[in-house]
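Read in the numbering used here, the sequence shown has 172 at position 168, and its numbers run on one by one without any break.
C-beta: ideal position from N, C-alpha, C; glycine also.
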Amino acid sequence: MSTNPEYESIATLETGANGAEPVALATAAAPQPEPPVEAVHAPDAEAVAAPAPAAPTAPRVTARPKWFLPVSIAAVGLIASGALGYLFYSTNNTLEATRHTLAQTQLTLDSTKQTLAAAQADAATKKITADYVNLYTADAGKVRTDYEAVVLCTDYSSCRTSAQQALNDMQAFQADRQAANVPSSLASSDSELGDSLSAGIASLQELINGMDNNNVAKIKEGFNKLDASMLSMAKAEADLGSELK
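Here is the structure:
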């Protein structure tokens with residue numbers, strides 16, 4: 005037994021084979037006695053110390069999951085896509101309205117162009133008509149004056165001069181008419197005028213030939229044909245007045 009009062013161990017000896025010295029197999033520690041329980045007295049209220057303040061706790065950092073960044077990017081993309089989509093939609097509506105306005109304006113412009121073209125054509129036609137009427141009035145007035153002079157002449161000299169002047173003016177009238185831009189609405193009366201002038205020119209040529217050759221028959225025939233051509237010219241002038249209305 006150990007001399008230490010707190011510990012006590014038991015050793016078991018086993019004799020070795022062939023008379024060898026005994027061998028210690030195991031040493032077991034003796035059970036330790038429990039310390040004496042002291043009486044616990046309840047402390048006074050004043051003696052109880054206040055609890056120590058808790059140490060500040062560091063903020064807890066939570067790691068974001070791996071899918072957080074792609075989702076954030078996708079969310080931003082959706083927002084941007086939505087904004088762009090609305091912008092495109094709004095812009096497209098504005099363009100459509102502008103196209104509609106341009107189409108309406110184009111229709112108005114086309115109508116205006118047609119009106120201007122018609123007015124220009126009408127003005128051009130009126131100018132052509134006015135030019136023709138002016139030509140007709142001037143030349144026909146000369147021919148009528150010449151005809152009156154031929155009818156009223158009393159001697160060879162004055163009759164020959166009057167007849168030649170009438171022939172010159174009729175030929176000039178015919179040339180002016182043929183060179184003129186005749187309106188289609190006056191084509192019929194112009195054709196009648198051309199026939200009457202041709203007949204009048206032929207009658208004056210015959211009259212002058214009769215005077216120059218002292219041929220009474222040709223003189224009478226020339227006068228008769230001249231009268232007929234002047235009546236035909238008067239009829240063409242009446243038809244011209246009807247076409248101008």
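query	result
Decide if L235 is buried, meaning its Cβ has at least 16 other Cβ atoms within 10 Å, or exposed.	exposed
Can you list, in chain order, the residues of its chain with a C-beta nearer than 7 Å to that of E210? Leave out the 5 residues immediately preceding and following it.	K222, E225, G226, K229
Give me the Cβ distance between M215 and Y160, rounded to the nearest whole Å; I'm assuming they're in contact under 8 Å.	7 Å
By the 10 Å Cβ neighbour count, where 16 or more other Cβ atoms means buried, how is A127 classified, buried or exposed?	exposed
So the alpha helix (DSSP H) K222 belongs to, where does it begin and stop?	220-248
Taking the alpha-carbon positions, what's the N218 to R164 distance?	12 Å
Using the three-state DSSP reduction, which class does D135 fall into: helix, strand or coil?	helix
For the stretch 146-153 against the stretch 112-131, are there 3 or more C-beta pairs whose distance is under 8 Å?	no
Can you tell me whether DSSP reads D159 as helix, strand or coil?	coil
For the pair the stretch 196-207 and the stretch 168-183, tell me if three or more CB-CB distances fall below 8 Å.	yes
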